[in-house]
Every structure is written in C-alpha cells, then in structure tokens.
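One structure is given here, and the rest of the page talks about it.
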Amino acid sequence: MIQPEQQRRAYLEALGIDVWVPRDEPEPAIVEETETADEPAAASPEPPCRDGLDWPALREAVSDCRRCVLHETRTQTVFGVGNENADWMIIGEAPGAEEDRRGEPFVGRAGKLLDEMLRAVGQGRDQVFIANILKCRPPNNRDPKPEESAQCRGYLERQIELVQPKIILAVGRIAAQLLLDTDTPVGRLRGKPHQLGGTPLVVTYHPAYLLRSPSQKRKSWDDLCLARRVAAGAS
Ligand code: SF4
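Residue numbers (this note's numbering): 403 to 637.
Next comes the structure, spelled out in structure tokens:
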C-alpha cells in the first residue's frame, strides 16, 4: 500500500517539485498578494432559470447564448467536458485564449498541470467533469464582470444538478470567490470544506498560478487530499 508521504512525493515529482526541500521551509509571502482580489467579487443577482434542461438542450442553449456581451468576441462557447456522472466536478472561472480556440476548458500548460494534479489523487480527466463559470472568453483574459457571471451562472448550476458530484473543486481565486459569493482571499478559503447548494466544495489554487509560483504546489496537494477525503465522506 502506498504511504501518504510516498504519495505526496510522487505528486510533487509529477508537478516538477524538488521533493528534498525541507517541509518546514518558510512559504514565500506572495500567496495572499497574488491570489488576493483586485476588487471584491460582487454578489450575483438571481441567475436565469435553466430548470429541466437535459444535457443536449443545455448544450444547445449554451452554444446559441447571447445573454451577455461576451458572445460578440468569442470564437466559440466552452461548455465543459468529462464524465456527466462524475464524482468530482472541477470549476474554473472562464475560458482563456486556447480554450476559446479549442472549445475545451483547461487545456495548454495549465490544463496539463491540472491533469497531473488530478491523476495524483486517482482522478483521470475522463473521470471528472470540468467546466467554467463563464462559457465564453472575456477579451484579453480580463476578469469576469459580475453581470456576465450572473447571466451565465444558471448554465453552471444546471450542470451541477445534472452531474450531482460528490465534490466540487473550485480552481483559483475568481472561481472560488464567485461560487462562494465572497471576497475572502483564496489563501483563507482553502483548507476547509464549504457548501454550494448542498454539495461540498473545496478551494485550491489555479494551475496557471501554480506554474508562476511553484512553491505553492505543496499546498495544492493538501487541497486535493482534503477534496478526496470529503468526496469519500470522511471529512
Ligand atoms: S458568457 Fe455565458 S451568458 Fe455570456 S454569452 Fe457566453 S454563454 Fe451566454
């Protein structure tokens, strides 16, 4: 049986981390700064109703959607991918340039890192369901505006209803703050389970942030272990 420390080392090695760095080395002080909100996330108004839509109808509604200005600049909508009956649902903020081009969330270097992180806790990309709060790319990768996330939120909520995951992993500051309707820094949101409409939710760093700040990858391991325990009903 693989011991937790071995598993942790394997995880860090997979993510390109020097496993010989002492564990009690002081963490850099950049966590709260770089993941702290530039501006507070506004509370979302009541989302539009998507009640009763099945997967094909929901996909069609998203692909034709013009509810906010982002439809004007998108290449295509990015609905989400993966197992429609997944135990784990991964939620980010919005598509980036490559996602907009390919029509799939979390691709490119950040997507590969997310895949590695999930694989380390036994979750392949085809086992989980991955989606964003916004289905269209904000121009120049700017942050989603409150009115955009409010207009789009109903699609995500219907996706959650259809998937019925055991655990939601909120990836990155913006996703965590929008989902939990808070402006609390991500460094204080992680480390404990939250609830989103009755589904447990765990917060972790965005893989793009981890690529810029590799020292934080150790904390992402703790987050994924917490998510695994919560999904198993043990926390
Ligand atoms: S971001 Fe969402 S609400 Fe806005 S146009 Fe795209 S699918 Fe519609």
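The C-beta atom is built at its ideal place from N, Cα and C for all residues, glycine as well.
Cβ atoms of Thr606 and Ser622 come within 8 Å of each other, at about 5 Å. Relative to the ligand SF4, even the nearest heavy atom lies 8 Å or more away from the CB of Gln409.
At a Cβ-Cβ threshold of 9 Å, Asn534 and Pro507 count as neighbours.
In this structure, Leu582 and Leu591 form a Cβ contact; the two beta carbons are roughly 7 Å apart against a cut-off of 8 Å. Across the set Leu612, Trp490, Leu564, Glu549, the C-alpha of Leu612 shows the shortest separation from the C-alpha of Arg575. Distance from the C-beta of Val464 to the nearest heavy atom of the ligand SF4 is below 8 Å. Under DSSP, Pro602 forms a beta bridge with Gln597.
Taking the C-beta atoms as reference points, Glu550 is found no nearer than 9 Å to Leu460.
When only Cα atoms are considered, Asp545 and Val483 end up about 22 Å apart. For the pair of segments examined, the segment 488-501 was found to touch the segment 522-536: the number of CB pairs separated by less than 8 Å reaches three. Using a Cβ distance threshold of 9 Å, Glu501 and Trp457 do not count as a contacting pair. Between Cys538 and Val480, the gap from beta carbon to beta carbon is short of 9 Å. Within the segment 517-543, the runs of beta strand (DSSP E) that reach at least 3 residues and sit entirely inside it are, in chain order, 531-534.
For the alpha helix (DSSP H) assignment, the uninterrupted runs of no fewer than 4 residues enclosed by the segment 545-585 are, from N- to C-terminal side, 548-565, 575-582. Of the candidates Leu455, Arg555, Gly505, Val523, the residue whose Cα lies closest to the Cα of Leu598 is Arg555. For Thr479, the CB falls within less than 8 Å of some heavy atom of the ligand SF4. Not one heavy atom of the ligand SF4 sits closer than 8 Å to the Cβ of Gln561. The distance from the Cβ of Arg469 to that of Gln561 is about 16 Å, inconsistent with a contact at the 8 Å cut-off.
Between the alpha carbons of Glu563 and Ala629 lies a distance of about 19 Å. Not one heavy atom of the ligand SF4 is found less than 8 Å from the C-beta of Cys627. By the 16-neighbour rule on beta-carbons within 10 angstroms, Lys619 is buried.
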